[in-house]
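Here is the structure we will look at, set down as structure tokens.
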Amino acid sequence: MPLQSIGDMAQSFAMRRQSIELNRQMDRLTQELSSGKASDIPRHLAGHLLQLADVERDLTVLEARKDVASVAATDAGVMQTALDRIQTATGDLATNALTAGFTAGSVQVPTVANEARAALETIIGALNTDVAGRAVFAGNRTDTAPLADADILLDGLRAALAGASDTTEIRTRLDTFFDDPAGGFATSVYQGGAAGLTPRDLGAGESVALDIRADDAALRGVMKQTALIAMLDDASLGLSLQERRDLAGTAGERLLEGQDKLTGLRANLGFAEERITKAESRISAGLASLTIARNDLISVDTPSTAVELEQVQSQLEMLYTLTARSARLSLVNFLS
7 MPLQSIGDMA
17 QSFAMRRQSI
27 ELNRQMDRLT
37 QELSSGKASD
47 IPRHLAGHLL
57 QLADVERDLT
67 VLEARKDVAS
77 VAATDAGVMQ
87 TALDRIQTAT
97 GDLATNALTA
107 GFTAGSVQVP
117 TVANEARAAL
127 ETIIGALNTD
137 VAGRAVFAGN
147 RTDTAPLADA
157 DILLDGLRAA
167 LAGASDTTEI
177 RTRLDTFFDD
187 PAGGFATSVY
197 QGGAAGLTPR
207 DLGAGESVAL
217 DIRADDAALR
227 GVMKQTALIA
237 MLDDASLGLS
247 LQERRDLAGT
257 AGERLLEGQD
267 KLTGLRANLG
277 FAEERITKAE
287 SRISAGLASL
297 TIARNDLISV
307 DTPSTAVELE
317 QVQSQLEMLY
327 TLTARSARLS
337 LVNFLS
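Numbering (this note's numbering), first residue to last: 7 to 342.
Rendered as structure tokens:
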């Protein structure tokens, strides 16, 4: 029976090919052992990828909702801080306006008017707050600050009150300026959108609307009384000192009434913040669960992988030994 053999070159090629394959296996097993994850997922799952695709899709959706909830939480927190600044400034102003109006004490009309101008700047600055370039009180026009500055508002109000003969007419014109859709506030001061933002989708059938605008009735109410107090020392108003004091007192009373409305706004916003926080917790729990499920699908059995790696290393060492011995063979050794 004839013997069949392969030549030296063919044998060298076969050993080299086997060496490459063993090194490739060792690299794969080393990577899997260090990461705990299969390097070839379709092979690991025997081609059954539908479940993994479902998990990956759900992870993508939850990651997007996590981002939405995070942005909503930031916006709500910034809005709450802004409303707190407004409430603090107008609450202090209300107390001093009442003192100036109804008590012959130390607070004088010019003093409280100066305080009101500063408070008006605080209000407008707070309502013009933006987050990453998005104005949070501008409704659906987040690309622009919702309010013109305090000087523009006071100039417009001064023109609207010019020629008013008594406190009743001043209050009437004040209401028109701030509350009439064709008044100065709507046409010259408020620059935000006419509608609120679309509610933020938090998943699980939940959404939250952060749609407090700078022209909200409660905010206009405190701006109205603050602006009136700021005008009380204006020489263009032909009023007596007593009339100015009367206006300061009633404006202070209405500012105090406005505090309840501001508290209502903040309470509703706080409720929205609570819902966002709960949604963030739910989303985080969902992400954790899906991540575990994904890892279970693509993870390898570490002990088995370690054993397989040892086997490949042994085969590779044996191959190197055989290759070295083959390299020492010569025709003289063969013939001797």
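Beta carbons are placed, not taken as given, at the ideal position from N, Cα and C, and that holds for glycine.
Only counting the same chain, and skipping five residues up and downstream in sequence, which positions put a Cβ closer than 6 angstroms to that of G264?
Same-chain partners within the cutoff: G227, V228.
Please return the same chain residues whose Cβ sits closer than 8 angstroms to the Cβ of Q114, not counting the five positions on each side in sequence.
Contacts found: A106.
Considering only the alpha carbon of each residue, which of G83, V74, T66, G244 lies closest to N274?
Answer by Cα proximity: G83.
Please state whether the Cβ-Cβ distance between G189 and R219 is less than 8 angstroms.
It is not a contact, given that the beta carbons lie outside the stated cut-off.
Determine the direct distance from the alpha carbon of T87 to that of D136, and round the result to whole angstroms.
Each residue's Cα considered, the two are about 12 angstroms apart.
Taking DSSP as the reference, what is the three-state secondary structure of R251?
DSSP places R251 within a helical segment (H, G or I) once states are collapsed to three.
Cβ atoms of M237 and R179: under 8 angstroms apart, would you say?
Contact: no.
If you draw a straight line from the C-alpha of R30 to the C-alpha of R23, how long is it?
So the alpha carbons of these two residues sit roughly 11 angstroms apart.
First through last residue of the alpha helix (DSSP H) which encompasses G244
G244 -> no alpha helix (DSSP H), and no H or E assigned at all.
Can you tell me which of the three DSSP states R219 falls into?
Of the three classes helix, strand and coil, the one that applies to R219 here is coil, per DSSP.
May I have the straight-line CA-CA distance separating Q93 from L268, to the nearest angstrom?
Going by the C-alpha atoms only, they are around 7 angstroms apart.
Boundaries (first-last residue) of the beta strand (DSSP E) holding L208
If you look at L208, you'll find it in the beta strand (DSSP E) that goes 206 to 209.
Can you tell which of P116, S76, Q57 has its C-alpha closest to the C-alpha of R251?
Among P116, S76, Q57, the Cα nearest to that of R251 belongs to P116.
What first and last residue would you give for the beta strand (DSSP E) that runs through V214?
Looking at the DSSP string, the run of the beta strand (DSSP E) that includes V214 is 212 to 214.
Using a threshold of 8 angstroms, state whether the C-beta atoms of A100 and L262 are closer than that.
A distance below 8 angstroms separates the beta carbons of A100 and L262.
Can you have a look at M85 and say buried or exposed, based on whether 16 or more other CB atoms are within 10 angstroms of its CB?
Classification for M85: buried.
Run through the DSSP bridge pairs and tell me what A141 is partnered with.
Answer is D136, bridged to A141.
Excluding sequence positions up to five away, which residues of its chain have a Cβ less than 8 angstroms from the Cβ of R300?
Here the set comprises L58, V61, E62, L65.
Euclidean distance between Cα positions of D217 and G202
Spanning the two alpha carbons is a distance of roughly 5 angstroms.
For the alpha helix (DSSP H) holding R71, just list the boundary residues, first then last.
It spans 56 to 108 - the alpha helix (DSSP H) in which R71 sits, taken as one unbroken run.
Helix, strand or coil at L262 according to DSSP, with G and I counted as helix
In this structure, DSSP gives L262 a helical state, which the three-state scheme calls helix.
Buried or exposed for L167, please, with buried defined as at least 16 other CB atoms from any protein chain shown within 10 angstroms of its CB.
Answer is buried; the Cβ neighbour count reaches 16.
For Q231, count neighbouring C-beta atoms within 10 Å of its own C-beta (all shown protein chains included) and say buried if the count is 16 or more, exposed if not.
Buried, by the Cβ-count rule.
Return the Cβ separation of A70 and R206 in integer angstroms, given the expectation that the two are a contact with Cβ distance under 8 angstroms.
By a beta-carbon distance limit of 8 angstroms, A70 does not contact R206. Their separation comes to about 11 angstroms.
Near D155, what residues of its chain come up, given a Cβ to Cβ distance below 7 angstroms and the 5 sequence neighbours on each side ignored?
Closer than 7 angstroms at the Cβ level, and outside the excluded window around D155, lie I130.
In this structure, what does DSSP give as the bridge partners for L153?
DSSP, once it has assigned bridges, lists Y196 as partnering L153.
Rank A257, M324, L303, L296 by C-alpha distance to the C-alpha of V118 and give the top, closest one.
Of A257, M324, L303, L296, the smallest CA-CA separation from V118 is found for A257.
How is the alpha helix (DSSP H) around L238 delimited, first residue to last?
Counting along the chain, L238 falls outside any alpha helix (DSSP H), and DSSP gives it neither H nor E.
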